[in-house]
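Going by the numbering used here, the first residue of the sequence shown is number 13, and it counts up by one from there. Worksheet: one structure, shown below.
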Amino acid sequence: MGKLTGKVAIITGSSAGIGRATALLFASEGAFVTIHGRNEKSLEETQNQLKAQGVHDNRILVVQGQIEEAKTCEDLINETIKKFGKLDVLVNNAGIEAKPGIESLSLENFDYTFDVNLKRYHCL
13 MGKLTGKVAI
23 ITGSSAGIGR
33 ATALLFASEG
43 AFVTIHGRNE
53 KSLEETQNQL
63 KAQGVHDNRI
73 LVVQGQIEEA
83 KTCEDLINET
93 IKKFGKLDVL
103 VNNAGIEAKP
113 GIESLSLENF
123 DYTFDVNLKR
133 YHCL
């Protein structure tokens, strides 16, 4: 039995990098995982890696969407509880960096960066 057997986790930004590694680790420890990201192909790759690791489809939920959109946040919570019956762990991993850089950041880009990196976590 793994350390997370029977636990249910949402990992935002799990289509690559740290989020993907977290999803793979949590699932290897027995967790049911909701993986999230903006890019459908990258999410599919995470899902394929989970399956290659021996994780059955009934332990994986995929939610694609922009984290800065309220509906995506609602879907993450509601669909996870609908499929798995509960939520134990939330890993707020999704985030972006300011582009083209903080020194020349427009107000519009600042607002977008703020929405993704801070505001949506309040909603979750």
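A virtual CB, placed ideally from N, CA and C, is assigned to each residue, including glycine. Keep in mind it's a predicted model, so treat the numbers as computed, not measured.
- prompt: Whole alpha helix (DSSP H) runs in the region 52-118 with 4 or more residues, listed along the chain?
  reply: Taken in chain order, the whole alpha helix (DSSP H) runs of length 4 or more contained in the region 52-118 are 52-64 and 82-96.
field: Spatial neighbours of G31 in its chain, beta-carbon cut-off 6 Å, leaving aside the 5 residues before and after
entry: Take G31, set aside five residues on each side of it, and the residues of its chain with a beta-carbon closer than 6 Å to its own are I23, G25 and N105, in chain order.
task: Go to T34, then tell me how far its alpha helix (DSSP H) extends in each direction, as first and last residue.
output: Run containing T34: G29 to S40, per the alpha helix (DSSP H) assignment.
CB contact flag (E41, K63, <9 Å): For the pair E41 and K63, the CB atoms are not nearer than the 9 Å cut-off.
- prompt: How big is the Cα-Cα spacing for S116 and T125?
  reply: Computed Cα separation, rounded: 13 Å.
task: Figure out for me which residue from M13, G29, I93 and G49 has the closest Cα to the Cα of E81.
output: Of all alpha-carbon atoms in M13, G29, I93 and G49, the one lying nearest the alpha-carbon of E81 is that of G49.
message: Once DSSP output is grouped into helix, strand and coil, what is the label at T46?
response: Looking at T46 - three-state DSSP - the assignment turns out to be strand.
- request: Quick one: using the 10 Å Cβ neighbour count with 16 as the cut-off for buried, is F122 buried or exposed?
  value: By the 10 Å Cβ count, F122 comes out exposed.
task: Check whether the Cβ atoms of L73 and F38 sit closer than 9 Å, and answer yes or no.
output: Not closer than 9 Å, so no.
- request: Leaving aside the five residues before and after V20 along the sequence, list all residues of the same chain whose C-beta is less than 6 Å from its C-beta, in chain order.
  value: Cβ contact annotation for V20 (same chain, cutoff 6 Å, sequence separation greater than five): F44, F96, K98, L99 and D100, in chain order.
field: Environment of Q65 [buried if 16+ CB atoms lie within 10 Å]
entry: Q65 counts as exposed, since fewer than 16 other beta carbons sit within 10 angstroms of its beta carbon.
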